[in-house]
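Taking it in order: structure first as structure tokens, then the write-up.
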Amino acid sequence: MARRFEGGKLVIASHNPGKVREIQALLEPFGANVISAADLGLPEPEETGDTFIANAELKAHAAALGANLPTLADDSGIVVNGLGGEPGIYSARWAGSSKDFGPAMERVWNELDGIDDKSAHFTSALALCWPDGHSEIFEGYIHGSIVWPPRGDKGFGYDPIFQPDGYELTFGEMENHVKYGISHRFQAFEQLVAACFKS
Numbered sequence: 015m016a017r018r019f020e021g022g023k024l025v026i027a028s029h030n031p032g033k034v035r036e037i038q039a040l041l042e043p044f045g046a047n048v049i050s051a052a053d054l055g056l057p058e059p060e061e062t063g064d065t066f067i068a069n070a071e072l073k074a075h076a077a078a079l080g081a082n083l084p085t086l087a088d089d090s091g092i093v094v095n096g097l098g099g100e101p102g103i104y105s106a107r108w109a110g111s112s113k114d115f116g117p118a119m120e121r122v123w124n125e126l127d128g129i130d131d132k133s134a135h136f137t138s139a140l141a142l143c144w145p146d147g148h149s150e151i152f153e154g155y156i157h158g159s160i161v162w163p164p165r166g167d168k169g170f171g172y173d174p175i176f177q178p179d180g181y182e183l184t185f186g187e188m189e190n191h192v193k194y195g196i197s198h199r200f201q202a203f204e205q206l207v208a209a210c211f212k213s
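Residues in the sequence shown are numbered from 15 upward in steps of one, following my numbering.
Encoded structure:
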């Protein structure tokens, strides 16, 4: 049986304001007092894992030890089938140190030139870790395809070039409440909440 989060402060092991906002919105109903690793001045550890889960655990463990509080980390990215799964765990790194996803989106599209398969999926791995080293892991997905040119200025990252299956809008065009209700992060969060938050 999964360990329960008993309320109080929960550190989000991210320096990405968009990601922190999404997680805050998803956890608000459960009484978690969410603070970010950036607010606490915690450094970002080097992501040396070779899977989304490994990197989420690595980030969560580092922040849980640094803050001495339960910590939630998300490692997520876009997996483009026509590119052999790239950028995958390197999704953020394709945006460079400036975290400018404009060139990263262009790179995805340019590398897909001449490739018919534009299918892709977002993956979100969540690791909820405690200072004693215990962790609970969850993973969610949403499938869709890469479109060009980028559409919409909502969301963040690769959202403007990802159109989920069954929808006419990209993630970049969707209102937050619509995206939150279907996203890869939401799929992982449903599992997390059921296991660790709901009574």
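We put the CB at the ideal spot given by N, CA and C, even for glycine.
Please read all numbers here as calculations on a predicted model, not as lab measurements.
Throw me the rounded Cβ distance for the Gly147 and Phe176 pair, which I believe falls under 8 angstroms.
By 1-based counting over the sequence shown, the position of residue 147 is 133. By 1-based counting over the sequence shown, the position of residue 176 is 162. The pair is not a contact, with the Cβ atoms about 35 angstroms apart (cut-off 8 angstroms).
For the alpha helix (DSSP H) containing Pro178, list its first residue and its last residue.
Taking the first residue of the sequence shown as 1, we reach residue 178 at position 164. Pro178 -> not in any alpha helix (DSSP H); beta strand (DSSP E) instead, spanning 176 to 178.
Thinking just about the alpha-carbon of each residue, which of Asn95, Ala81, Leu97, Ala74 is nearest to the one in Ala87? In the sequence shown, counting from the first residue as 1, residue 87 sits at position 73. Of Asn95, Ala81, Leu97, Ala74, the residue nearest in Cα terms is Ala74.
Measure the beta-carbon distance from Gly171 to His198 and round it to whole angstroms, keeping in mind my assumption that it falls under 8 angstroms. Position 157 of the sequence shown, counted from the start, is the residue given in the question as residue 171. Position 184 of the sequence shown, counted from the start, is the residue given in the question as residue 198. That pair is no contact at about 11 angstroms.
With a CB to CB cut of under 8 angstroms and the five nearest residues on each side skipped, what residues in its chain are close to His29?
Walking along the sequence shown from the start, residue 29 turns up at place 15. Result list for His29: Ser50, Ala51, Ala52, Glu58, in chain order.
Residue environment, Ala39, which counts as buried when at least 16 other CB atoms sit within 10 Å
Walking along the sequence shown from the start, residue 39 turns up at place 25. Flag for Ala39 reads exposed.
Kindly indicate which residue of Thr184, Tyr181, Gly186, Pro145 has the alpha-carbon position closest to the one of Leu79. Reading the sequence shown from its first residue, position 65 is the one you call residue 79. Considering only alpha carbons, the answer is Pro145.
Checklist line | Range covered by the alpha helix (DSSP H) that runs through Tyr194 | finding: Taking the sequence shown and counting its residues from 1, the one referred to as residue 194 is at position 180. Looking at the DSSP string, the run of the alpha helix (DSSP H) that includes Tyr194 is 190 to 196.
Exercise. Is the region 110 to 124 in contact with the region 187 to 201, if contact means three or more CB pairs nearer than 8 angstroms?
Worked result: no
Rounded C-alpha distance that separates Pro84 from Tyr194:
The sequence position of residue 84 within the sequence shown is 70, counting from 1. The sequence position of residue 194 within the sequence shown is 180, counting from 1. In a straight line, the C-alpha of Pro84 is about 23 angstroms away from that of Tyr194.
Would you tell me roughly how many angstroms separate the C-alpha atoms of Glu60 and Ser133, rounded to the nearest one? Taking the first residue of the sequence shown as 1, we reach residue 60 at position 46. Taking the first residue of the sequence shown as 1, we reach residue 133 at position 119. C-alpha separation (whole angstroms): 29 angstroms.
Contacts around Trp108, its chain only, beta-carbon distance under 7 angstroms, and the 5 residues preceding and following it disregarded: As a working mapping, residue 108 is identified with position 94 in the sequence shown. Here the set comprises Pro101, Ala118, Arg121.
Check your understanding: With C-beta atoms as the reference, is Thr137 less than 8 angstroms away from Val93?
Key -> Here residue 137 is taken as the residue at index 123 of the sequence shown, counted from 1. Here residue 93 is taken as the residue at index 79 of the sequence shown, counted from 1. Yes.
Would a C-beta distance cut-off of 8 angstroms place Phe19 and Phe203 closer than the cut-off? The residue labelled residue 19 in the question sits at position 5 within the sequence shown. The residue labelled residue 203 in the question sits at position 189 within the sequence shown. Not a contact, by the Cβ cut-off of 8 angstroms.
query: Helix, strand or coil: how does DSSP classify Asp146 here?
result: Here residue 146 corresponds to residue number 132 of the sequence shown, with the count starting at 1. Here Asp146 sits in coil by DSSP.
Using only alpha-carbon positions, find the residue among Lys23, Leu126, Ala139, Val48 that is nearest to Pro31.
Your numbering for residue 31 matches position 17 in the sequence shown. Out of Lys23, Leu126, Ala139, Val48, Val48 has the C-alpha closest to the C-alpha of Pro31.
Practice item. Could you pull out every residue in the same chain whose Cβ sits closer than 7 angstroms to the Cβ of Leu54, ignoring the five residues on either side in sequence? Key: Position 40 of the sequence shown, counting from 1, holds the residue named residue 54. Once the five neighbours on either side are set aside, the close Cβ partners of Leu54 are Val25, Ala81.
For Gly45 and Leu126, I'd like the C-alpha separation in whole angstroms.
The residue labelled residue 45 in the question sits at position 31 within the sequence shown. The residue labelled residue 126 in the question sits at position 112 within the sequence shown. Taking the straight line from one Cα to the other gives about 44 angstroms.
- Message: Please identify the residue among Asp167, Leu41, Ser149, Ala139 whose C-alpha is closest to the C-alpha of Ile156.
- Response: Counted from its first residue, the sequence shown places residue 156 at position 142. Measuring from the Cα of Ile156, the nearest candidate turns out to be Ala139.
- Item | Beta-carbon spacing of Ala16, Ala70 below 8 angstroms | Within the sequence shown, numbered from 1, the residue matching residue 16 stands at position 2. Within the sequence shown, numbered from 1, the residue matching residue 70 stands at position 56. It is not a contact, given that the beta carbons lie outside the stated cut-off.
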